[in-house]
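Protein chains in written order, with the working numbering: chain A, 1 to 589; chain B, 590 to 828. Below you'll find the structure, written out as structure tokens, and then a few comments.
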Amino acid sequence: MTNITNDEVDVVVVGLGWAGSLMSIELAQAGLRVRALERGGDRSNADFKYPKPADQYAYAVRNKVMVTPKDGALTVRHNMQSTALPTRQWGAFVPGTGVGGSGMHWTGVLIRPTPTDIKLKTYANQAYKPGILGEGMQIEDFPFTWDEIEPYMDKFDKICGLSSKTGNLRGQILVGGDPFEGPRSHPSPLPPLEDTLNSKMFADVASKMGYHPFPNPSANVSQAWKNPYGNQIAPCNYCGYCSKYPCLNFSKASPQTAVLDALKRMDNFDYRVNANVLKVEMHADGKTAKGVTYADADGNTVFQPAKIVVLAGFQFVNVRLMLLSGIGKPYDPISGKGTVGRNYAFLSNGGSTLFFKDKHFNPFATAGASGQMFNDISPGNFDGPSLGFIGGAKIHSSQATGAPIGTALPSGTPEWGQGWKEGMQDWYGHSMKVSITTSCMSYRDHYVDLDPTYKDPWGLPLLRITFDWKQNELRLQQHLRKIVLGITKELAPDSYSESFLGLDSHWDITKYVSTHNVGGAIMGDSPETSALNRYLQSWDVHNVFVPGGNAFPQNFQANPTSMIGALTLFAAQAIKDQYVKNPGPLVQA
Amino acid sequence: MLLSKQTSRRKFLLSSLIALPAMGIAVNGLTAAAAAQMVAPSLDAYTPIFFSPGEWTFILAACDRLIPADGRGPGAIETNVPIFIDQQLAGGLGSEVYLEGPFDVNAPATLGYQLPYTIQEIYRKGIASFELWCQATYGKHFALLDLKQRDDALKKMQGGQADFAAHGETVLKSKLLFSELLHHTQQGWLADPIYGGNKGMKSWIAIGFPGARASYLEWVAQHNVPYPLGPVSLTGERG
Chain A
1 MTNITNDEVD VVVVGLGWAG SLMSIELAQA GLRVRALERG GDRSNADFKY
51 PKPADQYAYA VRNKVMVTPK DGALTVRHNM QSTALPTRQW GAFVPGTGVG
101 GSGMHWTGVL IRPTPTDIKL KTYANQAYKP GILGEGMQIE DFPFTWDEIE
151 PYMDKFDKIC GLSSKTGNLR GQILVGGDPF EGPRSHPSPL PPLEDTLNSK
201 MFADVASKMG YHPFPNPSAN VSQAWKNPYG NQIAPCNYCG YCSKYPCLNF
251 SKASPQTAVL DALKRMDNFD YRVNANVLKV EMHADGKTAK GVTYADADGN
301 TVFQPAKIVV LAGFQFVNVR LMLLSGIGKP YDPISGKGTV GRNYAFLSNG
351 GSTLFFKDKH FNPFATAGAS GQMFNDISPG NFDGPSLGFI GGAKIHSSQA
401 TGAPIGTALP SGTPEWGQGW KEGMQDWYGH SMKVSITTSC MSYRDHYVDL
451 DPTYKDPWGL PLLRITFDWK QNELRLQQHL RKIVLGITKE LAPDSYSESF
501 LGLDSHWDIT KYVSTHNVGG AIMGDSPETS ALNRYLQSWD VHNVFVPGGN
551 AFPQNFQANP TSMIGALTLF AAQAIKDQYV KNPGPLVQA
Chain B
590 MLLSKQTSRR KFLLSSLIAL PAMGIAVNGL TAAAAAQMVA PSLDAYTPIF
640 FSPGEWTFIL AACDRLIPAD GRGPGAIETN VPIFIDQQLA GGLGSEVYLE
690 GPFDVNAPAT LGYQLPYTIQ EIYRKGIASF ELWCQATYGK HFALLDLKQR
740 DDALKKMQGG QADFAAHGET VLKSKLLFSE LLHHTQQGWL ADPIYGGNKG
790 MKSWIAIGFP GARASYLEWV AQHNVPYPLG PVSLTGERG
């Protein structure tokens, strides 16, 4: 175990998932010397090769491509008065690790937030009478306009080969797409995926009931696609192994399929794996970083000098590194001062499972993103203000996988014994879901900080999450329940079961929702309420940029990856155009 | 044929039970259906890696009730589910768990697993406690109970009424042992045969899951048509 110092680079990128690979290629293309440090292992063609990924037990039960809780646990508590306990096993969310990060095993739902979602505080101030929204809610606007960010969403759509139905082309509403989406500068690069049976049944009933369903926008590509970096993505073969799996058909846009092939060919880029960054090191003036320190696989401590530091790990990895490194002021929920850790949000899900004896859904014949959804119940599109809560949901019928471990059975089916065994034979492949994926507001007492007790294997404190459901989110769930059950009854199954949060629910970290944790180092217009400016640049340390879900001031109902890609590309452009020429704060506080 | 299978399984269960000194009793509880479904020469010949002979007897008897041979479809014994559980416990299962203290064993269930035990310890301590509880409650080891009693005992384990604390195990509750055992049994039944269970892909054939075929471009739009092909496994076996 020795101390090593690497050669200096222009940019060190911490984490080689979507944000890290996009930032790396954009900055490398501008001529900068870029080195990425990935805490996990490499993941290359051998990991994707058929039939290896077609293994539910390894990938979906044993979390083969995820970080272990042993290495990556957090602590969780429901309120500031209680003692947080570690996530000893994963449950509500399962963060990835290794090259590709969560971008390698994501489902590939590439949906944008709406213009209202990115200006939610403005909308709330206009649409809600003062005092209606819960005390302590501290939602914010994203610090840019729709027209400023849309070109970067568009660019990311092309990087991924978005397969979708265009709903709004430069203001023109097109039939079959999402009429509530923000105006697109260009149509979807590729047509949507084929509908599965559940998608069609759901869409037919939803349309009949007056909703506006459209195919899930997908980064599992419907046709062969060559993206702007020159990478080729193969047409999806509906293999049924997507969310939590590497794509065995190279059809899911991921850092590997969409970015890294081109990036690895560049002489001014390289990457190190099993390089666990422990700290960003600061210059003596405290205003700029001089690089990062990481532990390598051999137990050496390595200093990597760099002119620019990009923290591109998962949301809570980035926030934790900022806290461990003293970048920005830690958030204090009592005084409301400080910004690092502020506005942590999760999300909720729920829905109904419908059983049809005479329907064969062939759930194994599906893409991760297969499904239809509608956006009618998102902020600004329904009577939220009169209902007294803010937020919304994607309401969808998706069929992400048909692998059989964990198959839902009709209520009343025995949990074991002959009844369970025969229930599996009677009902496997005979059910579909109507689901919600909700927004989640941010609150004064929902935040992250360093845990006082529990440490990781490198002796550093775990990140502590303080979070629980608030009445706003629970009332939203109850409203959505009525809508979902209305659709469910219209679909007329033989039976159905439902799963929604009751008004007295507490956050249950054992039940999987989605790995869409956001906030903690949010972007904004003011250094008083945000850790990062609109270019994801630390207000306090100007050569540190922090792309990722950490930048969201609250969680919208859309999946986060489209926005994470867009924010990263937006920031990369500013670094190339402005920062490199004149290093310093890109926004004056 | 039926007779030879039956003989084989009885012989196998007996050989496992011999190591339990307290049990000089004939093995009962093998249903006709279980015998008929029994095609498990490798289970018969299998020497557990993780489980002791006594624990193995319990695992065999419990798996046989959690997914019995009765009725339609293959049971856990026929599909080598106990081998799956043994090999998982002998392998890396649980090495991913964060097990640094302090431990709040009374934490609310919503905060997830908070015991200081590895999964291996849960099985080891849990089976020992459950066998003591069975002795105290029924006067017999679990594997020696009749089928109705076995189901009754498992229900009590599931419901938390099998009181481990009375037998010295104050941290682990019977509910947790049950839920781990049930999950692993169902996983072993449904996972690829490469992990030791789901022998002959019988569970996949029974439910209609095509396994690792993983290519359905021509099927995705054929709505409500039963898929005609049997499963393939990761090693290329066809069912």
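For every residue, glycine included, the Cβ atom is placed at its ideal position computed from N, Cα and C. Note that the coordinates shown come from a computational prediction; the quantities given were computed from them, not determined experimentally.
Whole-angstrom distance between residue 311(A) and residue 320(A), CA atom to CA atom: What you label residue 320(A) is simply residue 320 of the first sequence in a count that begins at 1. What you label residue 311(A) is simply residue 311 of the first sequence in a count that begins at 1. CA-to-CA, the gap between residue 320(A) and residue 311(A) works out to about 10 Å.
Validate contact between the stretch 715 to 731 of chain B and the stretch 640 to 654 of chain B using beta carbons, cut 8 Å, 3 pairs: Touching, yes.
Is the CB of residue 815(B) under 8 Å away from at least one CB in chain A? One-based indexing of the second sequence puts residue 815(B) at position 226. So, interface residue.
Reference residue 125(A), options 139(A), 538(A), 460(A) and 115(A), closest by Cα: Against the first sequence, residue 125(A) aligns to sequence position 125. Selected option, being the one with the closest Cα: 139(A).
Below 8 Å on C-beta distance, what does residue 699(B) contact in chain A? For the purposes of this step, residue 699(B) is identified with residue 110 of the second sequence, where counting begins at 1. Correct list: 78, 506, 507, 508, 509 and 510.
Using CA atoms only, rank isn't needed, just tell me which of 303(A), 307(A) and 43(A) is closest to residue 9(A). Counted from its first residue, the first sequence places residue 9(A) at position 9. Nearest C-alpha to residue 9(A): 307(A).
By the 10 Å Cβ neighbour count, where 16 or more other Cβ atoms means buried, how is residue 335(A) classified, buried or exposed? Translated into the one-based positions of the first sequence, residue 335(A) becomes position 335. Exposed, because fewer than 16 other Cβ atoms sit within 10 Å of the Cβ of residue 335(A).
Check: residue 351(A) C-beta below 7 Å from any heavy atom of the ligand MG: Within the structure as shown, the ligand MG is missing, as the structure has no ligands at all.
Quick one: is residue 175(A) buried, meaning 16 or more other Cβ sit within 10 Å of its Cβ, or exposed? Taking the first residue of the first sequence as position 1, residue 175(A) is located at position 175. By the Cβ-count criterion, residue 175(A) is exposed, with fewer than 16 other Cβ atoms from all chains shown falling within 10 Å of its own Cβ.
Does residue 824(B) come out as helix, strand or coil in the three-state DSSP assignment? Locating residue 824(B) in the second sequence gives position 235, where the first residue counts as 1. Reduced to three states, the DSSP call for residue 824(B) is coil.
With 16 other CB atoms within 10 Å as the buried threshold, where does residue 5(A) fall? Translated into the one-based positions of the first sequence, residue 5(A) becomes position 5. Result: exposed.
Which listed residue (417(A), 521(A) and 439(A)) has its alpha carbon closest to that of residue 449(A): Position 449 of the first sequence, counted from the start, is the residue given in the question as residue 449(A). Looking at the Cα atoms, 521(A) is the closest of the given residues.
DSSP on residue 185(A), reduced to helix/strand/coil? Position 185 of the first sequence, counted from the start, is the residue given in the question as residue 185(A). Three-state DSSP puts residue 185(A) in coil, outside helix and strand.
Mapping DSSP to helix, strand and coil, what is residue 170(A)? Taking the first residue of the first sequence as 1, we reach residue 170(A) at position 170. Looking at residue 170(A) - three-state DSSP - the assignment turns out to be coil, as it is neither helix nor strand.
Taking the beta carbon of residue 700(B) as the centre, do at least 16 other beta carbons fall within 10 Å, making it buried, or is it exposed? By one-based count along the second sequence, residue 700(B) stands at place 111. That one is buried.
Where does the unbroken alpha helix (DSSP H) through residue 318(A) begin, and where does it stop? In the first sequence, the residue the question calls residue 318(A) occupies position 318. Where residue 318(A) is concerned, the enclosing alpha helix (DSSP H) starts and stops at 315 to 325.
Output, in sequence order along the chain, the residues in the stretch 64 to 76 of chain A whose CB is closer than 8 Å to any CB in chain B. Residues 68, 69, 70, 73 and 76.
Residue 55(A) at chain B interface by Cβ criterion, 8 Å: For this step, residue 55(A) is matched to residue 55 along the first sequence. Yes, its Cβ sits closer than 8 Å to a Cβ of chain B.
With 8 Å as the threshold, decide whether the Cβ of residue 365(A) is near any Cβ in chain B. On the first sequence, residue 365(A) is found 365 positions in, with the first residue counted as 1. Chain B places a beta carbon closer than 8 Å to that of residue 365(A), counting this residue as a contact.
For residue 455(A), write down the residues that DSSP places opposite it in a beta bridge. As a first step, residue 455(A) is located in the first sequence; it is residue number 455 there, counting from the start. In DSSP, residue 455(A) forms a bridge with 461(A).
Should residue 623(B) be labelled buried (16 or more other beta-carbon atoms within 10 Å of its own) or exposed? Residue 623(B) sits at position 34 when you count from the first residue of the second sequence. Annotation note: pLDDT 41 at residue 623(B) (below 50); position unreliable, no value reported.
Given a threshold of 16 other Cβ atoms within 10 Å of its Cβ, counted over all protein chains shown, does residue 561(A) qualify as buried or as exposed? Taking the first residue of the first sequence as 1, we reach residue 561(A) at position 561. Residue environment for residue 561(A): buried (at least 16 other C-beta atoms within 10 angstroms of its C-beta).
By alpha-carbon positions, which one of 271(A), 18(A), 30(A) and 425(A) ends up nearest to residue 106(A)? Within the first sequence, the letter at position 106 stands for residue 106(A). Selected option, being the one with the closest Cα: 18(A).
Would a check of beta-carbon distances place residue 472(A) closer than 8 Å to chain B? Residue 472(A) sits at position 472 when you count from the first residue of the first sequence. With a threshold of 8 Å between beta carbons, residue 472(A) makes no contact with chain B.
Scan the stretch 224 to 273 of chain A and note each continuous beta strand (DSSP E) run of 3 residues or more that stays entirely inside, going in chain order. Counting only unbroken stretches of 3 or more residues, the beta strand (DSSP E) elements lying wholly within the stretch 224 to 273 of chain A are 269 to 272, in sequence order.
Assumed close pair residue 271(A), residue 35(A) - CB separation to whole angstroms, cut-off 8 Å: Here the question's residue 271(A) lines up with position 271 in the first sequence. Here the question's residue 35(A) lines up with position 35 in the first sequence. 7 Å between Cβ atoms; contact.
Pairwise C-alpha distance: residue 637(B) and residue 672(B): On the second sequence, residue 672(B) is found 83 positions in, with the first residue counted as 1. On the second sequence, residue 637(B) is found 48 positions in, with the first residue counted as 1. It is roughly 7 Å from the alpha-carbon of residue 672(B) to the alpha-carbon of residue 637(B).
At a cut of 8 Å, does the stretch 504 to 517 of chain A reach the stretch 467 to 479 of chain A through at least three beta carbon pairs? Yes: at least three Cβ pairs fall under 8 Å.
Using a 10 Å radius around the Cβ and a threshold of 16 neighbouring Cβ atoms, would you call residue 147(A) buried or exposed? For this step, residue 147(A) is matched to residue 147 along the first sequence. That one is exposed.
Which stretch, first to last residue, makes up the alpha helix (DSSP H) that contains residue 148(A)? For the purposes of this step, residue 148(A) is identified with residue 148 of the first sequence, where counting begins at 1. If you look at residue 148(A), you'll find it in the alpha helix (DSSP H) that goes 146 to 160.
Cβ separation of residue 87(A) and residue 76(A), assumed to be a contact under 8 Å, to the nearest whole Å: Indexing the first sequence from 1 puts residue 87(A) at position 87. Indexing the first sequence from 1 puts residue 76(A) at position 76. For residue 87(A) against residue 76(A), the beta-carbon gap comes to about 6 Å, under 8 Å, which counts as contact.
Where residue 528(A) sits in the DSSP three-state scheme: Residue 528(A) sits at position 528 when you count from the first residue of the first sequence. Of the three classes helix, strand and coil, the one that applies to residue 528(A) here is coil, per DSSP.
Contact with chain B by residue 542(A), beta-carbon distance below 8 Å: As a first step, residue 542(A) is located in the first sequence; it is residue number 542 there, counting from the start. False, the Cβ-Cβ gap to chain B never drops below 8 Å.
With residue 422(A) as the anchor, note down where its alpha helix (DSSP H) starts and where it stops. Taking the first sequence and counting its residues from 1, one reaches residue 422(A) at position 422. Counting along the chain, the unbroken alpha helix (DSSP H) around residue 422(A) starts and ends at 418 to 427.
Where the beta strand (DSSP E) containing residue 277(A) begins and where it ends: Translated into positions along the first sequence, residue 277(A) becomes position 277. It spans 276 to 282 - the beta strand (DSSP E) in which residue 277(A) sits, taken as one unbroken run.
Where the stretch 82 to 109 of chain A meets chain B: residues whose CB sits under 8 Å from a CB there: The residues in question are 83, 85, 86, 87, 88, 89 and 91.
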